[in-house]
Amino acid sequence: MRVSHLYAPTLRETPADAEVVSHQLMLRAGMIRKVAPGIYNYLPLAWRVLRKVSQIIREEMDAKGGQELMMPIAQPAELWQETGRWDVYGDEMFRLKDRHGRDFCLGPTHEEMITTLVRQDVRSYRQLPIMLYQIQDKFRDEIRPRFGLMRGREFIMKDLYSFDRDDEGLNKSYWDMHDAYSRIFTRCGLTYRAVEADSGAIGGSGSHEFMVLANSGEDDVCFCDECNYGANTERAEMHPIEATKEPMKELEIVNTPNCKTMEEVAEFLGFKPEHAIKALAFYSDKGPILALVRGDHEVNEIKLKNKLDCLFLNMADATVINDLMGSAGGYLGPIGISKETIVVADNTVMNMCNTECGANKLDHHYINVNPGRDFKPNIVADIRLIRKGDPCPRCGAPVDIKRGIEVGHIFKLQTKYSAKLNTIFVDENGEEKPMVMGCYGIGVGRTMAASIEQNNDKDGIIWPVAIAPYHVIIVPVSIADEAQRTIAEKMYKELNAAGLETVLDDRDDRAGVKFKDADLIGYPLRITIGPKALKENKVECRVRKTGEVHLIDVDTYLSDVQALFKQL
Ligand code: ATP
Ligand code: MG
6 MRVSHLYAPT LRETPADAEV VSHQLMLRAG MIRKVAPGIY NYLPLAWRVL
56 RKVSQIIREE MDAKGGQELM MPIAQPAELW QETGRWDVYG DEMFRLKDRH
106 GRDFCLGPTH EEMITTLVRQ DVRSYRQLPI MLYQIQDKFR DEIRPRFGLM
156 RGREFIMKDL YSFDRDDEGL NKSYWDMHDA YSRIFTRCGL TYRAVEADSG
206 AIGGSGSHEF MVLANSGEDD VCFCDECNYG ANTERAEMHP IEATKEPMKE
256 LEIVNTPNCK TMEEVAEFLG FKPEHAIKAL AFYSDKGPIL ALVRGDHEVN
306 EIKLKNKLDC LFLNMADATV INDLMGSAGG YLGPIGISKE TIVVADNTVM
356 NMCNTECGAN KLDHHYINVN PGRDFKPNIV ADIRLIRKGD PCPRCGAPVD
406 IKRGIEVGHI FKLQTKYSAK LNTIFVDENG EEKPMVMGCY GIGVGRTMAA
456 SIEQNNDKDG IIWPVAIAPY HVIIVPVSIA DEAQRTIAEK MYKELNAAGL
506 ETVLDDRDDR AGVKFKDADL IGYPLRITIG PKALKENKVE CRVRKTGEVH
556 LIDVDTYLSD VQALFKQL
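Residue 6 is where the sequence shown starts when you use the numbering used here, and the numbers rise one by one after that.
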């Protein structure tokens with residue numbers, strides 16, 4: 006490819022609406038252009054990277070026995086009505102009607118589609134296991150599309166579905182995919198961690214997320230360096246903390262004027278926040294919820310939602326607090342709360358004694374509260390959000406918390422879809438059973454974005470070789486110079502013939518402009534042909550990642566460049 010004809014319109018300025026570095030650099034490097042929020046054109050350089058990421062994924066899926074197919078994006082509503090998800094999927098599902106008025110959606114995922122496909126054609130245990138995948142556009146009408154390709158509405162996903170005879174088979178498929186994902190992200194040059202993930206309403210322990218560590222990540226991930234435990238903080242378990250027991254004192258109500266926050270009450274009454282109970286009000290499809298945690302702890306809303314098996318759970322507003330809970334905002338507490346309110350206490354709360362909490366009455370709190378004696382929660386469970394320094398749930402060492410970008414998610418579905426959709430097989434004893442399924446997704450565009458988040462500097466992108474759009478750029482300082490041009494053309498031909506994907510910057514532009522573009526786009530190697538070195542029959546080869554410059558001889562340049570390339 007000659008740069009004069011390469012469709013990569015680079016920008017000097019950082020576009021104002023791009024918040025994260027991958028979005029900024031993809032726009033500046035002329036890789037993507039926005040069409041509508043969360044919807045992008047992938048220009049040729051981006052498409053080359055996306056194809057390379059896809060190819061790595063394809064090779065690793067095939068190596069585990071995956072078979073690639075392609076399913077439609079337009080999906081009839083009937084498929085989703087069979088599992089009941091048409092009604093519960095919510096606004097992320099983009100719905101449309103055809104000319105006959107029939108309901109369709111643009112596939113946000115393909116469990117229904119694949120499970121009904123397999124149900125038509127697979128009947129015997131002899132045909133199992135089977136793993137099917139596609140690399141294709143998904144559409145999710147995300148509420149907050151942002152960060153460029155990181156959270157789009159139309160985005161490319163690889164989704165694989167496994168069908169097995171039993172749990173043992175599913176386990177094998179699951180860990181094969183775990184292994185394949187590890188290989189994929191390693192090959193893409195990413196620093197990542199596989200962590201335990203929330204498996205939502207489906208339950209079970211079978212879910213891992215592959216997290217690329219980067220500050221721009223939207224997830225919090227906790228790690229233990231002692232025992233290698235890793236989990237999304239949404240999911241991380243917490244053991245109850247024991248409290249020192251003392252004789253129970255008599256419950257008392259006290260006046261706490263204008264003390265709404267935990268800090269204000271604590272200061273006013275002279276205790277530490279960890280001595281008191283913090284109460285938070287939510288509203289859900291199960292009704293009003295009062296969640297109780299220790300004063301210095303936070304509620305993990307995902308755990309709370311899973312525990313209650315809610316469809317939705319939102320912070321309660323003043324009307325819910327006043328009318329449904331019979332309380333006063335800022336003075337929430339379990340004692341005397343309305344009967345309709347479901348009180349959920351964190352395990353640790355039940356170990357506290359002679360503690361404090363709101364009295365559901367303006368300017369009043371209770372002191373000497375003893376859970377169990379003074380109130381009985383409807384549910385006691387682990388609903389606490391893990392923090393940096395909290396004990397690891399496995400070994401007790403303090404955990405660290407970092408931001409992560411979820412690039413992949415693997416999931417044991419078991420028979421959730423196959424049972425509902427009647428996708429059954431006949432086993433060796435002639436018995437009919439639902440197939441045992443898993444599903445496994447990778448965001449292809451998000452993986453590309455994550456790679457840029459981890460590999461960039463002030464000048465631009467630094468691609469890992471495996472997914473770089475091209476390997477080498479040749480920059481003649483002056484294309485008008487015959488000697489430079491002749492050598493540039495020769496190298497361009499020979500390098501491409503040798504299998505190095507090479508572009509030639511044949512523009513009649515200042516060298517500085519060409520260097521800036523080369524750094525911005527992030528070609529791993531740059532060969533500069535300039536008058537000074539050429540006098541000594543030499544050219545410069547610069548490594549984008551390290552900035553190292555090697556003076557190499559024009560006569561031996563090919564083997565020298567190949568050697569440098571191998572070291573990348
Ligand atoms: P998130 O929590 O980020 O919304 P998810 O749990 O909805 O992700 P899955 O349904 O498991 O994601 O999808 C599989 C993969 O697809 C994710 O791991 C991610 O890499 C990618 N992905 C999901 N949503 C988007 C999106 N809006 N834009 C780009 N990639 C996405
Ligand atoms: Mg999502």
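Even glycine gets a Cβ: it sits at the ideal position worked out from N, Cα and C.
| Query | Result |
| --- | --- |
| C-alpha gap between Ala-386 and Phe-430, whole angstroms | 39 Å |
| Under 8 Å between C-beta atoms of Phe-144 and Phe-99 | yes |
| beta-carbon Thr-114 near the ligand ATP non-hydrogen atom, thresh 7 Å | yes |
| Phe-160 beta carbon near the ligand ATP (any heavy atom closer than 7 Å) | yes |
| Best match in Asp-96, Arg-131 and Pro-150 for proximity to Ala-23 [C-alpha to C-alpha] | Pro-150 |
| Where Ile-526 sits in the DSSP three-state scheme | helix |
| Distance between Ile-447 and Arg-389 (C-alpha atoms, nearest Å) | 29 Å |
| Check whether Tyr-422 and Glu-116 have beta carbons under 8 Å apart | yes |
| heavy atom of the ligand ATP below 7 Å from Val-412 C-beta | yes |
| Rounded C-alpha distance that separates Lys-425 from Ile-37 | 41 Å |
| Rounded separation between Lys-550 and Cys-400 - CA only | 39 Å |
| Three-way DSSP call (helix, strand, coil) for Thr-15 in this model | coil |
| Arg-145 beta carbon near the ligand ATP (any heavy atom closer than 7 Å) | yes |
| Every unbroken beta strand (DSSP E) within the region 381-457, with a cutoff of 3 residues, ordered by chain | 384-386, 405-419, 429-431, 437-439 and 441-448 |
| Residue burial classification, Gln-60 (beta-carbon count within 10 angstroms, cutoff 16) | exposed |
| Heavy atom of the ligand ATP within 7 Å of Met-442 beta-carbon | no |
| Touching by the beta-carbon criterion (3+ pairs, under 8 Å), the region 323-335 and the region 348-362 | no |
| Close Cβ partners of Ala-202 (< 7 Å) along its chain, the five nearest in sequence each way excluded | Ser-212, His-213, Glu-214, Asn-237, Arg-240 and His-414 |
| Nearest-angstrom Cβ-Cβ length linking Pro-42 and Gln-29, presumed shorter than 8 Å | Between Gln-29 and Pro-42 the Cβ distance is about 17 Å, and since that is not below 8 Å, they are no contact. |
| Residue burial classification, Gly-208 (beta-carbon count within 10 angstroms, cutoff 16) | Caution is warranted here: a pLDDT of 49 is assigned to Gly-208, below 50, making its placement in the model unreliable, and no coordinate value can be reported. |
| Under 8 Å between C-beta atoms of Lys-366 and Tyr-336 | yes |
| DSSP three-state assignment for Asp-172, whether helix, strand or coil | helix |
| Beta carbon of Ala-281 nearer than 8 Å to that of Cys-358 | no |
| Counted within 10 angstroms of its Cβ, other Cβ atoms place Asn-319 as buried (16 or more) or exposed | exposed |
| Paired residues, beta bridge with Ser-178 - DSSP | Paired residues: none, contrary to the question. |
| Met-155 CB to nearest heavy atom of the ligand ATP below 7 Å | yes |
| Local Cβ density within 10 Å of Ser-167, reported as buried at 16 or more and exposed below that | buried |
| Member of Arg-107, Ile-44, Asp-142 and Asn-373 whose CA lies at the smallest distance from the CA of Gln-86 | Arg-107 |
| Residues near Arg-170 by beta carbon distance below 6 Å, same chain, minus five either side | Tyr-130 and Leu-133 |
| Beta strand (DSSP E) runs wholly inside the region 468-528, at least 3 long, in chain order | 477-481 and 507-509 |
| Backbone CA spacing between Met-453 and Val-40 [nearest angstrom] | 19 Å |
| Collapsed DSSP secondary structure at Pro-134 in the structure displayed | coil |
| Cβ-based neighbour list, Asn-460, same chain, cut-off 6 Å, excluding 5 preceding and 5 following | Ile-467 |
| Helix, strand or coil at His-115 according to DSSP, with G and I counted as helix | coil |
| Neighbour-count burial assignment, Ser-564, 16 or more Cβ in a 10 Å radius | exposed |
| C-beta atoms of Ala-516 and Val-480 nearer than 8 Å | yes |
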